[in-house]
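Numbering (full-length UniProt numbering), first residue to last: 1 to 223.
Idealized CB from N, CA, C, for every residue including glycine.
Worksheet: one structure, shown below.
Put into structure tokens, the structure is as follows:
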């Protein structure tokens with residue numbers, strides 16, 4: 001059973017669930033690229049709040065790249081799923097190799113998406129982390145742990161669809177979770193979208209540019 005037509009449709013539905021934050025100047029949306037950006041853009045447009053990206057890279061198991069053994073994010077945060085590491089007997093050398101490769105891609109995306117613009121300052125604000133869905137939650141966990149170091153007042157995790165396990169795990173760790181759907185069995189995030197085509201770098205950049213234009217005056221940034 002398909003629940004969402006595409007990420008745009010999912011974003012509009014997620015915006016309805018987050019409508020209480022509409023127009024709040026102390027709310028910042030942080031999208032996880034790439035798939036989280038079109039979802040978060042619709043939320044930002046509907047709620048008239050600021051949008052930024054929070055860049056995180058999944059660490060895939062060598063040879064089984066779709067299986068996450070952890071994730072890294074801006075700020076030097078690394079999260080490992082030791083259950084996967086041990087069950088797949090992944091060596092430290094293999095982990096280091098994947099981390100090094102993904103760090104190069106993380107830095108490339110920061111340069112491409114930000115174009116020199118600093119991150120928005122989340123200190124004392126409500127930060128809403130948005131992705132197109134949660135399966136294992138490893139990527140989102142890296143994001144929220146890195147974000148927590150930046151002293152927001154509240155952290156909210158909001159996604160259109162998630163596994164029940166991932167949604168429950170975040171409910172115990174952040175101030176609020178919004179998981180529109182938690183299908184059982186979950187299968188994977190893409191199973192609940194009619195169109196789950198990969199989001200391109202160009203689409204991310206175009207949406208971030210539009211979001212900046214909608215926002216008007218730039219908010220104070222770190223540094």
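_Could you tell me the alpha carbon to alpha carbon distance between residue 112 and residue 120, rounded to whole angstroms?_
Cα-Cα distance, rounded: 16 angstroms.
*Residue of 38, 42 and 6 minimising C-alpha distance to residue 271*: Lying before the first or after the last residue shown, residue 271 is absent from the chain, which here runs from 1 to 223.
_Residues bridged to residue 56 (per DSSP)_ = 73
_The alpha helix (DSSP H) enclosing residue 13, as first and last residue numbers_ = 7-17
*Start and end of the alpha helix (DSSP H) containing residue 135?*
Unbroken run through residue 135: none, as it is neither H nor E.
_Separation of residue 26 from residue 164, as counted between CA atoms_ = Inter-residue distance for residue 164 and residue 26 is about 29 angstroms (C-alpha atoms, whole angstroms).
_Segment limits, beta strand (DSSP E) that includes residue 160_ = 154-161
*Chain-order list of residues whose beta-carbon lies under 7 angstroms from that of residue 222 (same chain, five-residue window excluded)*: Only weak support exists for where residue 222 lies, its pLDDT of 42 falling under 50; the coordinates are left without a value.
*asked:* DSSP has residue 177 in a bridge; who is on the other side?
replied: Residue 177 pairs with 157.
_Per DSSP, what are the beta-bridge partners of residue 51 in this structure?_
29
*Should residue 185 be labelled buried (16 or more other beta-carbon atoms within 10 Å of its own) or exposed?*
exposed
*asked:* Alpha carbons only, please: which of 132, 136 and 143 is nearest the one belonging to residue 160?
replied: Here the closest residue by C-alpha is 132.
*What is the residue span of the alpha helix (DSSP H) that residue 204 lies within?*
Per DSSP, residue 204 belongs to the alpha helix (DSSP H) from 201-215.
*Between residue 153 and the rest of its own chain, which residues show a CB-CB distance below 7 angstroms, the 5 nearest in sequence each way excluded?*
124, 125 and 126
_Check for me: the alpha helix (DSSP H) holding residue 20 runs from which residue to which?_
Neither: residue 20 is in no alpha helix (DSSP H) and is coded neither H nor E.
*asked:* Which of the three DSSP states is assigned to residue 99 in this structure?
replied: helix
*For residue 78, name the three-state secondary structure that DSSP assigns.*
strand
*asked:* Tell me the DSSP secondary structure of residue 139 in three-state form.
replied: helix
*To the nearest angstrom, how far is it from the Cα of residue 87 to the Cα of residue 65?*
The alpha-carbon atoms of residue 87 and residue 65 are separated by roughly 15 angstroms.
*Three-state class that DSSP yields for residue 191 in the structure shown*: Correct three-state label for residue 191: helix.
*Looking at residue 203 and residue 38, is the spacing between their C-beta atoms short of 8 angstroms?*
yes
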